[in-house]
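Counting the sequence shown from 1 gives a position; the working numbering is that position plus 789. Built from N, CA and C at the ideal position, the CB exists for glycine as well. Just so it is clear, the structure is predicted and the values come from calculations on it, not from any experiment.
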Amino acid sequence: MRKLARTLLGGVMGLGLLAAPVLAQEKPKYGGTLEVGTVYVTLTALSFDPADWNWKLNHDTGNYLEQLFAADLSKSVRNGGKHPFYADAWLPTDAIRGELAESWEWKQNPLRVEVKLRKGVMFPEKPGVMAARELTADDVVFSWKRVQSPGSITKLDLGGIQDMRKVDAFTVDVETKAPFPLLLNNLMSFTIMSKAWCEANNAKEASDLQQKKENFANRNANGTGPFMLKSREVEDPVNLWVHRPLAYLFVAAIYRTSITPNQITFLALTVGTVAKALGASTTVI
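Given below as C-alpha cells:
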C-alpha cells in the first residue's frame, strides 16, 4: 500500500508541475465549494449539540458557533512569535485572544473576571423561528446554564466556575469557586448558543445521548460563526455548510466524514475527492 501511495504521489506531483503554468495564468475566483476531511475523518456528526462531547468544536460545531476566547495564532512561531501551539497544550495568557470577548479584566484576581462582549455580532435569521438578532450577555449566561444540564458532557471543562452573571447587555461576570488557572483555556471550548433559538425549538437543555434523549439541537444548527448548516446527509455522512453572506471567500464547504483509514484519506486527496484532510498522518507517504 505504501508503494502504491508513493507512486500515486509521484504521479500527482508530476501532473501538478505540468499544470503549474496554466494555474498561474488563472485569476482567483470567488465562490465554489471546498471539501474537507476533518481531524477525525471516521467520525460522523451524530449531533450538532455542542454539549454532547468536548471535541465537537474542533470537529464540526466550530463551523457555526463561536466561543468567548480563542488561540491567538498571530503569536505563533510560524508568524514570528514565541508560541508553538501544540495540540491539546495549555496556552499562556498572552497566547489567547478574545473571539466574542472584546476585552476582559480580573476584578477579584483570581476569583472573578469581567468580560466585555463585542457588539454587532449577529445570529442569522431562521425563517419561521426567529429574526436575525444581536448576541448579548443573555445568550452567554443562557449557554452556561444550558451546559450545566444533566445530559451535558462539556460541563466537566467548566466545573471550576461558580457562576456567570449578566452585568449589562454586553458584559458578563465569571466567578470561579477557587483559583482556576485554566479558566481562559477552558473557556475556549465554551461555545455560545442563541437563547431565543433554543427556547423557540424546545432545546433549552442539552440533549442526553447516553439516555437516547434528543432535541432540536441534535440535528439543526444556528450560531454566529462563518458557516450555516444547509443540509445533512445521513446515509453518506456529509454535512453541507454554506458561508454566511459577506463572511469569507468560499460559498460552501462540505465536511465529509465517511472516509476511513489514513491510506484511503491519502488516496482521496490524490484523486480529488477531498481538497484538504486535517490531521492525516504522513506515514502513508
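task: Could you check what DSSP says for residue 882 in three-state terms: helix, strand or coil?
output: Annotated three-state conformation of residue 882 is helix, per DSSP.
query: Applying the criterion that 16 or more other CB atoms from any shown protein chain within 10 Å of the CB defines a buried residue, is residue 839 buried or exposed?
result: The residue is buried, with at least 16 neighbouring Cβ atoms inside 10 Å.
Element boundaries [beta strand (DSSP E), containing residue 930]: Not the beta strand (DSSP E): residue 930 falls in the alpha helix (DSSP H), residues 926-936.
- prompt: Quick one: what's residue 856 bridged to in DSSP?
  reply: Within the DSSP bridge table, the entry for residue 856 names 980 as partners.
- request: Look at the Cβ atom of residue 953, then the Cβ atom of residue 930, and state whether they are nearer than 8 Å.
  value: Yes, these two residues count as a Cβ contact at 8 Å.
message: According to DSSP, residue 887 sits in a beta bridge with which residue or residues?
response: DSSP lists 858 as partners of residue 887.
- prompt: Which residues in the same chain have their Cβ closer than 7 Å to the Cβ of residue 880, if we skip the five residues on either side of it in sequence?
  reply: If we look at residue 880 and ignore the five residues flanking it on each side, its Cβ neighbours are 860 and 974.
Nonlocal neighbours in the same chain, by C-beta distance under 8 Å from residue 922, ignoring five residues either side: By the criterion of a C-beta distance shorter than 8 Å, residue 922 is surrounded in its chain by 911, 912, 983 and 985, once the five residues flanking it on both sides are discounted.
- request: Select from 940, 903, 876 and 905 the residue whose C-alpha is nearest the C-alpha of residue 993.
  value: Ranked by how close their Cα comes to the Cα of residue 993, the residues 940, 903, 876 and 905 have 940 in first place.
message: Which of the three DSSP states is assigned to residue 900 in this structure?
response: Looking at residue 900 - three-state DSSP - the assignment turns out to be coil, as it is neither helix nor strand.
field: Through-space distance from residue 815 to residue 925, alpha-carbon basis
entry: Approximately 44 Å between the Cα atoms of the pair.
- request: Could you spell out where the beta strand (DSSP E) holding residue 910 opens and where it closes?
  value: Taken as a continuous stretch (DSSP letters only), residue 910 belongs to no beta strand (DSSP E), as it is neither H nor E.
field: Candidates 970, 966, 1017 and 857, of which the one nearest residue 882 by Cα
entry: Comparing Cα-Cα distances from residue 882 to each of 970, 966, 1017 and 857, the minimum goes to 970.
- prompt: What number of angstroms, rounded off, separates the C-alpha of residue 950 from the C-alpha of residue 857?
  reply: Counting only the Cα atoms, residue 857 lies some 15 Å from residue 950.
message: Counting beta carbon pairs with one atom in the region 958-969 and one in the region 891-907, are three or more of them shorter than 8 Å?
response: Yes: at least three Cβ pairs fall under 8 Å.
- prompt: Once you ignore the five residues that flank residue 895 on each side, which residues in its own chain have a CB closer than 6 Å to its CB?
  reply: The residues 902, in chain order, have a CB closer than 6 Å to that of residue 895 in the same chain once the five nearest residues on each side in sequence are set aside.
task: Starting from residue 950, trace the beta strand (DSSP E) both ways and give me its first and last residue.
output: Unbroken beta strand (DSSP E) run through residue 950: 950-957.
query: By how many angstroms is the C-alpha of residue 937 removed from the C-alpha of residue 878?
result: Cα-Cα distance, rounded: 25 Å.
- prompt: Based on the DSSP output, what are the partners of residue 997 in its beta bridges?
  reply: Within the DSSP bridge table, the entry for residue 997 names 1002 as partners.
field: First through last residue of the beta strand (DSSP E) which encompasses residue 963
entry: 960-965 is the extent of the beta strand (DSSP E) around residue 963.
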